[in-house]
Structure formats: structure tokens, C-alpha cells
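Novice:
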Amino acid sequence: MQIDPKHLIQLATIVQCGSYGAAAAKLGVAQPALSKNMKKLEVRLGAPIFERIGRQSVATELGTTFARFGLMMLAADEQAQAYAQHIATGQAGSLLIGTPPSLADNFLAPILTEFLSTHPGCRVELRVGLLAELETQLSTGQVNQVIGPSRPHATDVQLESETLAEDMLGIVCRKGHALARKREILPQDLETQRWVVHSRGSYLRIQTEDGLARFGVTSLEVALDTDSTETAYKAVAGSDLITVMPRLPTVLSGHAHAIDFLPLDSTAFLRPIGIIQRASHSRSALEIAFLRHVRRAVERGAGSC
């Protein structure tokens, strides 16, 4: 037996409203058409769903039972419409985001926390990994956006990027470090220091080594090799070790009170932060709202640099 779901919803509305006329007005259909549909439902069920008592049509036990099914369908329909409205306005849905370790804890985590507090219908899946790994996840649809350092994607036409903020790497030491008192930093000054370096194969490590080589540094004494930026911050803040960090995430991280950037600027250290996604991906309203939120946070942080 196949029952038209629309007829069950109409039955539930009649029972709720107490009359065919009121139900027809609420549903936006003609009363004769509504009566005809109830007759069809009775034929399907093989028994009356309404009986005449005085001047009123009252639901039979069978009619009341099937009206409950209609109410459940009506509630589900209303919930679906409300959720669809939330999706369309960017108040609900899922975000599939990737980011490298250098941005995860101190840059993106507080931005996500603030966004989730104002979007209770949002669910986030955050994947942290090396940039090359994240770009692979982008290509296979495991994430929809990567927030990370922008770099050319000429070899992968599936990906495109846009700049969120101009940023650059800087050499970091603790407050009061001997290097922080120098007006000019020379390559040999850096070669005599002990370093915290980032995980081998990471874009941050590659860019660090390339930038230092262009500056004239020929060797590094590595004291600590880590894939944790938080560990790197704390190691530098509590010792004479030095490292390389992106400036904007450092300002947003809250570690700036304990560390200093050395007076060294080089175009080799340019590292704009961008949004990377598949060229074929159309952003949802929620993604647009989140990226707008990220831009505002970045603008606030950039003003502090």
C-alpha cells in the first residue's frame, strides 16, 4: 500500500486546526481539493478516517493514528526547512579546513573558537599537516579550504589561492637576548647561535633554510628539531636558542611579550597567508561567513604588527 506523504500532512493539519476550512486556509489549498485528498486516503486505508458528529467532522481512531504520522512528517519538514534556511544564511553546516602546524594552535584555534561561539549550528573538521599533505587532501575532497602560506600552484591547475594577509618570516629570540641589542644582524651572528628548527619537509623549514642561505648563512647548529610551534616558542622564550617564525601568527599567539624579532628583513622571508582551495569548489554561505571572520581577525592582528 502506497500512501502519499502529502495526504498524511494534510490529515494532521485538519486534526490540528479542527476543521477542513481552517486547514485548507493554513495549507493554501481549496477546501474541495482537501476533501478529495482525504477521500483518496480513506480508499487507501480501506476505512473511514473521519466521522460526522453533529456539524463537525471528527477523526476516527484510525484517522488519529495516521494524523500522528503526519505530525511527525510535518515536524521533520519544518525542521528541514529551518535547517535549509540556516544553511542558506551561513548559520549552520560543516567546515572542512586544513592548516599547517605553524598556524594551527596560535593563529587558527582562537579564530575558530570565536566563530563557533557565534555559530552554534556549525561543525568544524580541522586537519593539521604539512602543506603538501594538505594540498593532496584538497585535491581529493577531504578538506575544502586550506588556510596557510600562499605559494605558486602552477603545477596543479586544480588549486587556486587568494591572499588573506601579507606576512613574512622573522628570526625570533627571547627578550634581552644579546642579538636583540644589535642594530645590524650579520650572517656570522646567526651561525654562532644554537637553533630550534621546524620539522624537515615542512614548507616553513624549506623557506627558513632558503631565506637564511640567501642571506649568507652557510651552516646552522641545531639544538632542537620539532614539529610543534608551541614547543619552539617556549624553548626560545626560556633560553638563548633562536628560531624562525611567521610574524602575524606570532603577534596573534600571545607570545610576543616574551620574545623579540631581530632587525632582519629579506624578500626571501616573504610569506603571505592565503586561502587555498580547489578551483572547482563553490563556497557555501557558511564558508563565506567563516572566511569573512578570518579576514577581520587577520586585519586586527596586522594592525598590531
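With my numbering, letter number 71 in the sequence shown gets 128, and the count goes up by one each step, no holes.
For each residue, glycine too, the CB sits at the ideal point set by N, CA and C.
1. Compute the distance between the beta-carbons of R184 and G155, then report whether it is under 8 Å.
2. Going by the CB atoms, is the gap between I66 and P206 shorter than 8 Å?
3. At a cut of 8 Å, does the stretch 167 to 174 reach the stretch 343 to 351 through at least three beta carbon pairs?
4. Out of curiosity, what's the CA-to-CA distance linking L119 and R180?
5. Would a C-beta distance cut-off of 8 Å place N253 and L298 closer than the cut-off?
6. Let me know the secondary structure DSSP gives V253 once reduced to three states.
7. Would DSSP call D267 helix, strand or coil?
8. Do three or more CB pairs link the stretch 236 to 243 to the stretch 304 to 323 at distances below 8 Å?
9. Please list the terminal residues of the continuous beta strand (DSSP E) segment that includes S151.
10. Select from Q73, F164, N94 the residue whose C-alpha is nearest the C-alpha of A132.
11. Which class does A280 belong to by DSSP, given the choice of helix, strand or coil?
12. According to DSSP, which residues form a beta bridge with P206?
13. Within the same chain, show all residues whose beta-carbon is closer than 6 Å to that of H312, passing over the 5 residues directly before and after it, in chain order.
14. Using a 10 Å radius around the Cβ and a threshold of 16 neighbouring Cβ atoms, would you call V279 buried or exposed?
15. Between H64, A161, G198, H176, which lies nearest to L187 when the distance is taken from Cα to Cα?
16. In three-state DSSP terms, what is Q59?
17. Mind reading off the beta-carbon distance from F272 to S323? Whole number of angstroms is fine, and I expect it under 8 Å.
18. For D246, which residues from the same chain have a beta carbon less than 8 Å from its beta carbon, with the 5 sequence-adjacent residues on both sides left out?
19. Near T121, which residues of its chain fall below 8 Å by C-beta distance, leaving aside the five closest residues on each side in sequence?
20. Let's see if you can read the secondary structure: which residues bound the alpha helix (DSSP H) around L195?
21. Alpha carbons only, please: which of T275, T307, D61, S259 is nearest the one belonging to R101?
22. Helix, strand or coil: which one does DSSP assign to Q73?
23. Would you report the Cα separation of E108 and G127, rounded to the nearest angstrom?
24. G75 to Y140, Cα distance in whole Å?
25. Specify the secondary structure class of I299 as computed by DSSP and reduced to three states.
26. Which whole-angstrom value describes the C-beta separation of I333 and L226, a residue pair presumed to lie in contact below a C-beta threshold of 8 Å?
27. If you follow the alpha helix (DSSP H) that I316 is in, where does it begin and where does it stop?
28. Over the uninterrupted beta strand (DSSP E) stretch that includes D307, give me the two end residues.
29. Measuring alpha carbon to alpha carbon, tell me which residue in L305, G258, G268 is nearest A189.
30. For L327, collect the residues of the same chain with a Cβ closer than 6 Å to its Cβ; drop the 5 residues on either side in sequence, then sort them by chain order.
31. Figure out for me which residue from R262, P244, Q142, P303 has the closest Cα to the Cα of V274.
Specialist: With the structure as the only source:
1. Contact: yes.
2. Their beta carbons are not under 8 Å apart, which means P206 does not touch I66 by this criterion.
3. Counting Cβ pairs under 8 Å, three or more are found: they touch.
4. If you take the alpha carbons of L119 and R180, they lie about 42 Å apart.
5. The identity of residue 253 in the sequence shown is Val, whereas the question assumes Asn. Yes, the pair counts as a contact, with Cβ atoms nearer than the cut-off.
6. Three-state result, V253: strand.
7. The answer is helix: DSSP assigns D267 an H, G or I state.
8. Contact holds: three or more Cβ-Cβ distances are below 8 Å.
9. Start and end: 149 to 156.
10. For the residues Q73, F164, N94, the minimum Cα distance to A132 belongs to Q73.
11. Three-state result, A280: strand.
12. I330.
13. Only Y290 meet the Cβ criterion.
14. Using a 10 angstroms sphere on the CB of V279, the tally of other CB atoms stays under 16, which defines it as exposed.
15. Out of H64, A161, G198, H176, A161 has the C-alpha closest to the C-alpha of L187.
16. In the structure shown, Q59 adopts coil according to DSSP, grouped into three states.
17. In this structure F272 is in contact with S323, their Cβ atoms being roughly 6 Å apart against a cut-off of 8 Å.
18. Taken in chain order, the residues that qualify are L236, K239.
19. A distance below 8 Å between beta-carbons, with the five flanking residues on each side excluded, links T121 to the following residues of its chain, in chain order: V72.
20. It spans 188 to 196 - the alpha helix (DSSP H) in which L195 sits, taken as one unbroken run.
21. Nearest to R101 by alpha-carbon distance, out of T275, T307, D61, S259, is D61.
22. Q73: helix per DSSP, three-state reduction.
23. Spanning the two alpha carbons is a distance of roughly 19 Å.
24. Roughly 29 Å separates the two Cα atoms.
25. Note: I299 maps to strand in three-state DSSP.
26. Not confirmed; about 19 Å, so no contact.
27. First-last for I316: 316 to 318, but that is the beta strand (DSSP E), not the alpha helix (DSSP H).
28. The question names Asp, but residue 307 in the sequence shown is Thr. Run containing T307: none in the beta strand (DSSP E); it sits in the alpha helix (DSSP H), 304 to 310.
29. The shortest C-alpha to C-alpha distance from A189 to any of L305, G258, G268 is the one to G258.
30. For L327, where only same-chain residues beyond five positions count, the Cβ hits under 6 Å are M225.
31. The residue with the shortest Cα to Cα distance from V274 is P244.
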